[in-house]
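**Q**
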Amino acid sequence: MQQPQRGLTLRNHYALMQYYLRERLWRHAEMVANDVVQAQDDWTFRVWKGFCVDMQQNPNEALRYYKEASGHRESAIPALMGMAVIYRRNKDTEGLNGVEQRLNDERFANAHGSWVQAACLLWHASDPTRARDVLNKYVDIAPDHRDEYTSIQTVRGWVDLSSGRGAFLEKCAGMFDRVLQAESNDNTLDIEAQMGKVAYMERKNQFWPAQDLLNRITVAYPFFTPALVVKAKQLMKVEDWDQSAEITQRILQKDPQHVEAYVLAILQLLVKEARYSQAAMAISDLLQALVQREPRNAALFHHCAQCFSRLSGNNAQFLSVTMQLAEHAVQLQPGSADYIAEVAFHHTLRGDYKAAIVGYNKAATSTDGGTTALLGLIRCLILSGKLAEATQQIEFPNEIQNPQQRNAELLLLNAMLAWRKDKNQTLSIEKLDQAAEAHRHDIASQPTGADLYVKLNPPLMLEIAKEYIQHCRTEPPEPGSGRQDPVAEKCRRTLETLLRHVPGCIEAQLLLSRICFVSGDPDKASALIASCIRQDHSLPDAHLLSAQIHQYNGAITAALHSLEQALTLDFEIKDQPQYNLLRGTLLGMTGELNEALQCLQHAIQLVQAANQMTSKGRPIKPLSIQDSVSLYLQLAQTYLKLKNTEDARTTIAEASRHFKDTSQIGRINIAHAMIVARTDIEGAFFFSCSDVPQAQEHRRRSHDDC
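The opening residue of the sequence shown carries number 26 in my numbering; numbering runs sequentially from there.
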């Protein structure tokens, strides 16, 4: 870490330290405090050094610092408050009572600056309520208090800003302005208040005025690198990627092991262009920087693992590197349920549900185990096809969920179960709508940098989109009908939100191409597919969707070629229902009926399998409701072409049982009626098995005739 110059004022050192504390960079903050202590033997900075040591899992060493500082008048109050934080955390009632008695000493009543430091310490210790209580006690008595470190208005402004409450948000801007005005009268600039004003503007999405304030800081105080970091984060938020990258590289040129700049550089590689290989190499360098600069900061290792894994696109090479970050966090704090659950989540992304379930079970039994591990476990059970067990496990989180604070992941899991287990399409879509709304609420705070992508949680958004697709039509509407699929539009909104923040997300682009296709824009769908293939040549799903578009357009040879390309890229795709449905349909159209029958029967077996995993342990991707019905109808049609009427009837009857309460039952009834009437059987199945315009017109006339 680049150390600040010793000749700087205490206030500027204090502002730098406070920035690192807000970012939870404990070792960085400790080094700033240590620099001041060595240069000026300042007891207030000794207290903050003790706090940083405590945050790095060394409370005994912190108590030693606090007890020493409590014997000095200028540092006694914040030192005692730091001791109270430790005693309260460890439930040491005797120690806490003793400290509180000392804090009630009347001799401390007028030590306004010391109480401001104590309140600030409480805030950084994640106790904003007590911090505000302390500040409220003195803000009326000494509203204009300023000292060599900070001012009461600045600290109160930061505490209120972090609350997220609208009323506090507006007040804090006035507090920062008053401090900055007072400083300007002395021809100085309070960095801490200026950074507070920047944070306020960021919350209000006033990025360009915020950039102007940051520029003033960098001109007046070139040593204050955090201003450049915040500027680069904001530029990413407004999608000025080039300038953000330029600033990031400028920081790294000054300090090749700058942790925050490394994080930004990795985000720039992932978010815009999904350059996983380069990002994986950069994470290896970041890991070394973290070990040197923040060796005991388990939360930081965990946070980096969280952020980067959610931008991984399930890339195996990249996930192997982010897994190292997650495992390092567990090594530092072996008992943390969240850290263990993050390792399990990595296993989930890699498709290793067995290892993930073991990890989630371990996390759930930890003393601080919350709902994160349980929800992860339920997700693995669903994806593994263990629906009965998942239904049993989800009862508890459903019972304790606060109706006013709905959990997007829990709602998604309920939607998945409603469809996979109960075939309740209406309930599934209702839960998906609630999940999408809860997620929009979660990201409304508009964070920047790594925090944004943790909150955004692209894998969750992709899961919501994929579940919506389960209930979308599978082919475009009739030309000129003007009828749009409302579920497809909901899916589109989710994907467009994700791509607005992560334009390089290839999976989101592919899903959006499917939505474009089913919404009547096959040309745009094909263009998106081509763009995805240019970015990544190894995309079997892109060729699979391309085959579906070719089939719709009647280009059978091109469709079969696309299927062959998909199989070449991923031989295991032959164990996916979608591949077998497409191939069986195409072979039936070319008259290769026996081969078509084998493909369709295999697809049915995969759909009905109790264990929803391929022979290689990968999850079987479920078909949408329309494709599921099409599979049964195609199979029945193939039986009829082979003169096997009995198996055709059995297949239709089975489809009727499975889909009797869905919107697709009409297609099945038409096919069944035609078989019973023994008239135009071939035509009946052509029109029932597809959603091409002629079929839609035929079905509408059939309903009108009825």
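All C-beta atoms in this analysis are idealised placements derived from N, C-alpha and C, irrespective of residue type, glycine included.
Could you tell me the alpha carbon to alpha carbon distance between Thr704 and Leu665, rounded to whole angstroms?
**A** As a first step, residue 704 is located in the sequence shown; it is residue number 679 there, counting from the start. As a first step, residue 665 is located in the sequence shown; it is residue number 640 there, counting from the start. Interpretation of Thr704 is limited by its pLDDT of 47, a score under 50 that renders its predicted location unreliable; the figure taken from the coordinates is listed afterwards. It is roughly 13 angstroms from the alpha-carbon of Thr704 to the alpha-carbon of Leu665.
**Q** According to DSSP, simplified to helix, strand and coil, what is Thr704?
**A** The residue given as residue 704 occupies position 679 in the sequence shown. Low local confidence applies: a pLDDT of 47 at Thr704 is under 50, so the model's placement there is unreliable, with the coordinate-based value given in what follows. DSSP places Thr704 in coil when its eight states are reduced to three.
**Q** Where DSSP assigns a beta bridge to Arg171, which residues make up the other side?
**A** To locate residue 171, count along the sequence shown from 1; it is residue 146. Ser176.
**Q** Any idea what DSSP makes of Pro234, helix, strand or coil?
**A** For the purposes of this step, residue 234 is identified with residue 209 of the sequence shown, where counting begins at 1. Correct three-state label for Pro234: helix.
**Q** Leaving out five residues on either side along the sequence, give the residues of the same chain with a beta carbon under 7 angstroms from the beta carbon of Arg9.
**A** Nothing in the structure corresponds to residue 9, since the chain is present only between 26 and 731.
**Q** In angstroms, rounded to a whole number, what distance separates the CA positions of Phe249 and Ala286?
**A** Along the sequence shown, one-based indexing puts residue 249 at 224. Along the sequence shown, one-based indexing puts residue 286 at 261. One C-alpha to the other measures close to 14 angstroms.
**Q** Could you compute how far the alpha carbon of Ile468 sits from the alpha carbon of Gln259?
**A** Here the question's residue 468 lines up with position 443 in the sequence shown. Here the question's residue 259 lines up with position 234 in the sequence shown. Cα to Cα, Ile468 sits roughly 16 angstroms from Gln259.
**Q** Evaluate Trp233 with the Cβ neighbour count: other Cβ atoms within 10 Å of its Cβ, from every protein chain shown; 16 or more gives buried, anything less gives exposed.
**A** Indexing the sequence shown from 1 puts residue 233 at position 208. Its Cβ having fewer than 16 others within 10 Å, Trp233 is exposed.
**Q** His466: which of Gln651, Glu679, Thr522 sits nearest, CA to CA?
**A** Along the sequence shown, one-based indexing puts residue 466 at 441. Proximity to His466 across Gln651, Glu679, Thr522 peaks at Thr522, based on C-alpha coordinates.
**Q** Starting from His586, follow the alpha helix (DSSP H) in both directions and report where the run begins and ends.
**A** In the sequence shown, the residue the question calls residue 586 occupies position 561. Looking at the DSSP string, the run of the alpha helix (DSSP H) that includes His586 is 581 to 594.
**Q** Do you know offhand how far Gln630's Cα is from Thr639's?
**A** Here the question's residue 630 lines up with position 605 in the sequence shown. Here the question's residue 639 lines up with position 614 in the sequence shown. Rounded to the nearest angstrom, the two C-alpha atoms are 11 angstroms apart.
**Q** Measuring CA to CA, which of Pro153, Ala463, Lys446 is closest to Gln429?
**A** As a first step, residue 429 must be located in the sequence shown, where it is residue number 404. Gln429 has its Cα closest to that of Ala463, out of Pro153, Ala463, Lys446.
**Q** Are the segment 540 to 552 and the segment 488 to 499 touching by the rule of at least three beta carbon pairs closer than 8 angstroms?
**A** yes
**Q** Drop a sphere of 10 angstroms on the beta-carbon of Glu119, count the other beta-carbons inside from all chains shown, and report buried for 16 or more, exposed for fewer.
**A** Along the sequence shown, read from residue 1 onward, the residue named residue 119 stands at position 94. Flag for Glu119 reads exposed.
**Q** For Arg36, name the three-state secondary structure that DSSP assigns.
**A** Walking along the sequence shown from the start, residue 36 turns up at place 11. Here Arg36 sits in helix by DSSP.
**Q** Enumerate in chain order the residues of its own chain whose CB-to-CB distance from Pro14 is below 7 angstroms, with the five nearest sequence positions on each side excluded.
**A** Beyond the ends of the chain as shown, which are 26 and 731, falls residue 14; an answer cannot be given.
**Q** DSSP on Pro484, reduced to helix/strand/coil?
**A** Counted from its first residue, the sequence shown places residue 484 at position 459. Correct three-state label for Pro484: helix.
**Q** Can you tell me where the alpha helix (DSSP H) holding Asp686 begins and where it ends?
**A** On the sequence shown, position 661 is the one that residue 686 refers to. For Asp686, no alpha helix (DSSP H) segment is defined, and its DSSP state is neither H nor E.
**Q** Secondary structure at Pro84, three-state DSSP: helix, strand or coil?
**A** If you number the sequence shown from 1, residue 84 lands on position 59. In the structure shown, Pro84 sits in a helix (DSSP, three-state: H, G or I).
**Q** Compare the C-alpha of Asp476 against each of Leu277, Gln142, Ala305, Val255 and name the closest.
**A** Position 451 of the sequence shown, counted from the first residue, corresponds to residue 476. Asp476 has its Cα closest to that of Val255, out of Leu277, Gln142, Ala305, Val255.
**Q** With DSSP run on the structure shown, which of helix, strand or coil describes Pro320?
**A** If you number the sequence shown from 1, residue 320 lands on position 295. Coil, per DSSP.
**Q** Counting C-beta neighbours from all protein chains within 10 Å, is the total for Val184 16 or more, i.e. buried, or is it exposed?
**A** Walking along the sequence shown from the start, residue 184 turns up at place 159. It counts as buried.
**Q** Restricting to runs no shorter than 4 residues, where is the alpha helix (DSSP H) found entirely within the segment 58 to 135?
**A** Runs found: 68 to 80, 84 to 94, 101 to 114, 118 to 128.
**Q** Out of curiosity, what's the CA-to-CA distance linking Glu264 and Leu537?
**A** Residue numbering aside, residue 264 sits at position 239 when the sequence shown is read from its first letter. Residue numbering aside, residue 537 sits at position 512 when the sequence shown is read from its first letter. Looking at the two C-alpha atoms, the distance is approximately 21 angstroms.
**Q** Alpha carbon to alpha carbon, what distance is there between Asn322 and Gln28?
**A** Start at 1 with the first residue of the sequence shown, and residue 28 comes out as number 3. Start at 1 with the first residue of the sequence shown, and residue 322 comes out as number 297. With a pLDDT of only 44 at Gln28, under the threshold of 50, the placement of this residue in the model should not be trusted; the figure read from the coordinates follows. Whole-angstrom Cα-Cα distance: 19 angstroms.
**Q** Is Pro644 helix, strand or coil by DSSP?
**A** Translated into positions along the sequence shown, residue 644 becomes position 619. Pro644: strand per DSSP, three-state reduction.
**Q** Taking the C-alpha atoms as reference points, what is the distance between Ile407 and Glu227?
**A** Start at 1 with the first residue of the sequence shown, and residue 407 comes out as number 382. Start at 1 with the first residue of the sequence shown, and residue 227 comes out as number 202. If I take the Cα positions, the gap works out to 40 angstroms.
**Q** Examine the Cβ distances between the segment 36 to 52 and the segment 213 to 229 and report whether three or more of them are shorter than 8 angstroms.
**A** Because the criterion of three Cβ pairs below 8 angstroms is met, the segment 36 to 52 and the segment 213 to 229 touch.
**Q** Terminal residues of the continuous alpha helix (DSSP H) containing Phe193?
**A** The residue given as residue 193 occupies position 168 in the sequence shown. From DSSP, the alpha helix (DSSP H) with Phe193 extends over 191 to 210.
**Q** Compute the Euclidean distance between the alpha carbons of Gln633 and Leu253, then round it to the nearest angstrom.
**A** On the sequence shown, residue 633 is found 608 positions in, with the first residue counted as 1. On the sequence shown, residue 253 is found 228 positions in, with the first residue counted as 1. So the alpha carbons of these two residues sit roughly 56 angstroms apart.
**Q** Could you tell me whether the segment 621 to 629 touches the segment 600 to 610, using the rule of 3 or more Cβ pairs below 8 angstroms?
**A** The segment 621 to 629, when compared against the segment 600 to 610, does touch it at the 8 angstroms Cβ threshold.
**Q** Would Asp566 be called buried (16 or more neighbouring beta carbons within 10 Å of its own) or exposed?
**A** As a position in the sequence shown, residue 566 is number 541, starting the count at 1. With 16 or more Cβ atoms within 10 Å of its Cβ, Asp566 is classed as buried.
**Q** Just curious, the alpha helix (DSSP H) that Ile166 is in, first and last residue?
**A** Taking the first residue of the sequence shown as position 1, residue 166 is located at position 141. Careful: Ile166 lies outside any alpha helix (DSSP H) and carries neither H nor E.
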